[in-house]
Structure formats: C-alpha cells, structure tokens
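Colleague:
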Amino acid sequence: MTYAYKLIDSPVGQLKLVAKGERLAAILWEHDKPNRVRLGEMSEANELAVLVETERQLREYFAGTRQAFDLPLDFQGTEFQKQVWHALLTIPFGQTRSYSEIAQQIGNVNAVRAVGAANGRNLISIVAPCHRVIGASGELTGFAGGLANKMLLLSLEAGQTSLEAAAGDEPRHAAGARATNAAPAVKVEAPAKPAHRLPNRATQGSLFGN
1 MTYAYKLIDS PVGQLKLVAK GERLAAILWE HDKPNRVRLG EMSEANELAV LVETERQLRE
61 YFAGTRQAFD LPLDFQGTEF QKQVWHALLT IPFGQTRSYS EIAQQIGNVN AVRAVGAANG
121 RNLISIVAPC HRVIGASGEL TGFAGGLANK MLLLSLEAGQ TSLEAAAGDE PRHAAGARAT
181 NAAPAVKVEA PAKPAHRLPN RATQGSLFGN
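Reading the sequence shown from the start, the letters are residues 1 to 210 in UniProt numbering.
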C-alpha cells in the first residue's frame, strides 16, 4: 500500500505526517536521517482525514492545550520494537522514564540497549513520546529531532513554555493555524513507576547557551 503524507510547519521545524490507509504511520523530522525510518512509496495527500486530524491535535499540543493524543496508529516494525513503542504510549504527560524502566515494563530486563535502539527508530515521534525517555542518571540522550527539540518538548510538558508563544508573535506555521476548542483527550493509564523530574534549568542552559 502506498503511503500518503502531508508536510506541516511547526515550532520544532517542518514535520512530515505519514499515513497508511486511515492510520497514522509516522511523524518524521525535518532533518531525519534517510535510513532511520524506511517506508514505502509516498504520495502527497494534504486533505486526507487522518493527516488533517493529526495536524489539528499537534497544533493543540504545541499551544499547550492538549496533553494526550487520540489518533489511530499503525506501527511498522518488529514485534520487539512494537512492544517498546506501545510502552512509550503509557508514559504520562510531564513525566519521563529510563531505558531500563521500559525494559522492565515489557518484561525483558536485559534488553536495555535494544530498548534504546528501538526508541531511536520510533516512527511516530511526539505522539509516541520517545522524547520522554532519558538516561538512567537523568541526562538527555540522543533524539532524532535533536537534543534542543527534545528539551523544548520536555519544557512544554513541564508547563514552562508554550512552543507557539516561544516562536514569537508570528508562529513558524501559517498565521491562524492554531487549533482551538481542544477535543477531549483519551489518556492511557501508565504502570506504577516513579515519576522522574524533567531536566533542570542548568541542563536547559547547557542546551540553549543561557
């Protein structure tokens, strides 16, 4: 099946929304490595319902009015990768998990490195929040969208900023594209895990040079 895509501008750069049928299959970063995610042939489909809805919910997320996504997802990968990606969906907004905690959650405590590799190949960025996975000591680790964007997403979820507001009076996407009247969000219950603190201001300073 041919994949359909829609390009949108966002406060974290241009995003490529990809659908397979009526399900969201990927959200790819502007400077994504070509071989990180391999999908089939694509055609542009700006009016495809699932892509339009994905854009709407992302606008709400960046505006600080949405904490959970309600979208039909189609993960493309191995069974192990899918286990990891589904575990990402259980990490609550505003919290983080370590790779070892994800490994424990999926019942494979010795698979920490494999969990890290699967996290790095997550196709559905932001919606499946791989940015909420950090090192065991709390440090930020590699992220397909870049560490600065990872910090921005975590800061947004900590309530420290609205990314659309931070982008200036005229956001990087077209004026007026901000969504309003957020639809009720469907939340996934997370397993009982300790809530990790988001990166502190010193870490933020090291990333942004403040």
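For every residue, glycine included, the Cβ atom is placed at its ideal position computed from N, Cα and C.
Computed from a prediction, not measured in an experiment: that's the story for all the values here.
Looking at the unbroken beta strand (DSSP E) that takes in glycine 43, where does it start and where does it end?
Modeller: Per the sequence presented here, residue 43 reads as serine, with glycine not at that position. Per DSSP, serine 43 belongs to the beta strand (DSSP E) from 42-44.
Colleague: For arginine 23, which beta-bridge partners are listed by DSSP?
Modeller: Per DSSP, Lys20.
Colleague: Under three-state DSSP, which class holds residue 211?
Modeller: Missing from the structure shown is residue 211; the chain here goes from 1 to 210 and no further.
Colleague: In its own chain, which residues sit with a C-beta less than 8 Å from the C-beta of asparagine 119, not counting the 5 before and 5 after it?
Modeller: Around asparagine 119: Val84, Leu88, Tyr99, Ile102, Cys130, Val133.
Colleague: Quick one: is asparagine 46 buried, meaning 16 or more other Cβ sit within 10 Å of its Cβ, or exposed?
Modeller: Per the 10 Å Cβ criterion, exposed.
Colleague: Round the Cβ separation of arginine 97 and isoleucine 106 to the nearest angstrom and send it over; I've been treating them as touching at under 8 Å.
Modeller: Going by Cβ atoms, the distance from arginine 97 to isoleucine 106 rounds to 11 Å, so no, they are not a contact pair.
Colleague: Enumerate in chain order the residues of its own chain whose CB-to-CB distance from valine 188 is below 7 Å, with the five nearest sequence positions on each side excluded.
Modeller: Low confidence applies here, because valine 188 scores a pLDDT of 34, under 50, leaving its location unreliable; read the following figure in that light. Excluding residues within five positions, the ones whose Cβ falls inside 7 Å are Leu89, Thr90.
Colleague: Along the chain, where does the alpha helix (DSSP H) that runs through glutamate 60 open and close?
Modeller: That run of the alpha helix (DSSP H) goes 49-62.
Colleague: Hey, quick one: how far does the alpha helix (DSSP H) through threonine 104 stretch, first residue to last?
Modeller: A small fix is needed here, since residue 104 is glutamine in this sequence, not threonine. Element bounds for glutamine 104: 99-105.
Colleague: If you follow the alpha helix (DSSP H) that alanine 87 is part of, which residue opens it and which one closes it?
Modeller: From DSSP, the alpha helix (DSSP H) with alanine 87 extends over 79-88.
Colleague: Tell me which residues share the same chain as glutamine 81 and place their Cβ nearer than 7 Å to its Cβ, disregarding the 5 neighbours each side in the sequence.
Modeller: Here the set comprises Ala118, Arg121.
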